[in-house]
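Worksheet: the structure to be examined is printed underneath.
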Amino acid sequence: MNTMDILKEQTQALAARRSFAVVTLVSGESTARSTGKMLVYENGESSGTIGGGVLEATARADALKAIKSNTTLCQSYDLTSDASEKGMSCGGKATVMIEPYVSRPVLVMVGAGHVGHAVLKLAGFVGFETVLVDDRDEAEIGDTVALADSFVKVEDFESGVAALDVPETASFVLAAHGHDLDCAALAGALTRKFAYLGMIGSKKKIQALYAKLREKGVTEEQLSQVHSPIGLDIGGETPEAIALSIVAEVMMVKNGRSGSSCAEAAK
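When we follow my numbering, the leftmost residue of the sequence shown carries the number 2, and every step to the right adds one.
Next up, the structure:
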């Protein structure tokens, strides 16, 4: 894979919203290569090469750390010392530059109602790329459309949500203008991979919708992935307060945190 191939793959990864790091071999002394580049994706896949072996495996591990922290690294490896930090003994020294390109997390808001409006505003503020999905024309929901990075009008919520061009790491928030529409959107979302899936509604509404989905063949395992009633229990009944509880839960799941208070976590 040459430099042009790497550049093309970078462009494709950016378009697909895939986070990755470019690893460039800056210098190599008594190593398999003196130059080289490789791309490392957040799932551990890679393409290109900086020489293979322990050097490449170690640089790949450091690239994953760089992606997670979104920090550029310049790493020097001593491959000759048995006592080196990396424990490598294949010979030579190398320096690599690791440049992460981290895509914004994607939040899909199904429904352009009052809660959807507030969720989009807050999600955009905290750094999400937002996608609004609704079956109404833009003219009817223009103020809310303006808050989203992109708008997808669907004829059918189930097939529309299932076919959305968003990454497997997207978070879905379902709050359409009708229980049946939420049910259809949930059925569509459950056919795909996601980082988070939550649906607004009372316990009675949720039980009724789940019963319909079970009749369609949706399993208990699938339903167990749904956060519903949605959001963290922080109180408040306004759309803004509900949106705060929803976005907080999305971020809690995305970041693998407990949702407890910082004071409790510090004990």
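Note that the Cβ used here is the ideal one computed from N, Cα and C, for glycine as well.
Computed from a predicted model, the values in this text were never measured in an experiment.
Helix, strand or coil for S70? Go by DSSP, reduced to three states. Locating residue 70 in the sequence shown gives position 69, where the first residue counts as 1. In the structure shown, S70 sits in a helix (DSSP, three-state: H, G or I).
From what residue to what residue does the beta strand (DSSP E) around A177 run? Here residue 177 corresponds to residue number 176 of the sequence shown, with the count starting at 1. Where A177 is concerned, there is no enclosing beta strand (DSSP E), given that its DSSP letter is neither H nor E.
Under the three-state DSSP convention, the category V55 falls into: As a first step, residue 55 must be located in the sequence shown, where it is residue number 54. In the structure shown, V55 sits in a helix (DSSP, three-state: H, G or I).
Could you spell out the range, first to last residue, of the alpha helix (DSSP H) harbouring G252? By one-based count along the sequence shown, residue 252 stands at place 251. In the sequence as presented, Gly is not what sits at residue 252; that position holds Met. First-last of the alpha helix (DSSP H) with M252: 240-256.
Nearest CA to the CA of G161: which residue from G179, G189, E100? Position 160 of the sequence shown, counted from the first residue, corresponds to residue 161. Measuring from the Cα of G161, the nearest candidate turns out to be G189.
If F158 and A186 are in contact, beta carbons under 8 Å, what's the gap, nearest whole angstrom? One-based indexing of the sequence shown puts residue 158 at position 157. One-based indexing of the sequence shown puts residue 186 at position 185. Correct: roughly 4 Å between the Cβ atoms.
So, helix, strand or coil for I1, using DSSP? With the chain covering only 2 through 268, there is no way to say anything about residue 1.
Given 8 Å as the limit, is there contact between the segment 173-182 and the segment 200-211, that is, 3 or more CB pairs closer than that? yes
Shorter than 8 Å from the beta carbon of A190 to some beta carbon of chain C? Looking for chain C here will not work: only one protein chain is present.
Indicate whether Y102 and S225 have their beta-carbon atoms separated by less than 8 Å. Reading the sequence shown from its first residue, position 101 is the one you call residue 102. Reading the sequence shown from its first residue, position 224 is the one you call residue 225. Not closer than 8 Å, so no.
Limits of the unbroken beta strand (DSSP E) element including I99: Along the sequence shown, one-based indexing puts residue 99 at 98. Here the beta strand (DSSP E) through I99 covers 94-102.
Roughly how many angstroms separate the alpha carbons of N3 and G53, rounded to a whole number? Stepping through the sequence shown from its first residue, residue 3 is reached at position 2. Stepping through the sequence shown from its first residue, residue 53 is reached at position 52. When rounded, the distance between both Cα atoms is 16 Å.
Straight-line gap, I7 to L182 (C-alpha atoms, nearest Å): Reading the sequence shown from its first residue, position 6 is the one you call residue 7. Reading the sequence shown from its first residue, position 181 is the one you call residue 182. Their Cα atoms are separated by approximately 43 Å.
Cβ neighbours of A84 in the same chain (closer than 8 Å, five flanking residues each side left out): Sequence index remark: in the sequence shown, residue 84 carries index 83 (1-based). In this prediction, A84 has a pLDDT of 44, which is less than 50 and means its spatial position is unreliable; what the coordinates show is noted afterwards. No residues qualify anywhere along the chain.
Which partner residues does G199 have in the DSSP bridge list? Within the sequence shown, the letter at position 198 stands for residue 199. G199 pairs with V174, H228.
If you compare alpha carbons, which of S70, V132, A95, I99 is closest to V111? Looking up residue 111 in the sequence shown gives position 110. With distances taken between Cα atoms, V111 lies closest to V132.
Who does S47 pair with in a DSSP beta bridge? The sequence position of residue 47 within the sequence shown is 46, counting from 1. DSSP lists V41 as partners of S47.
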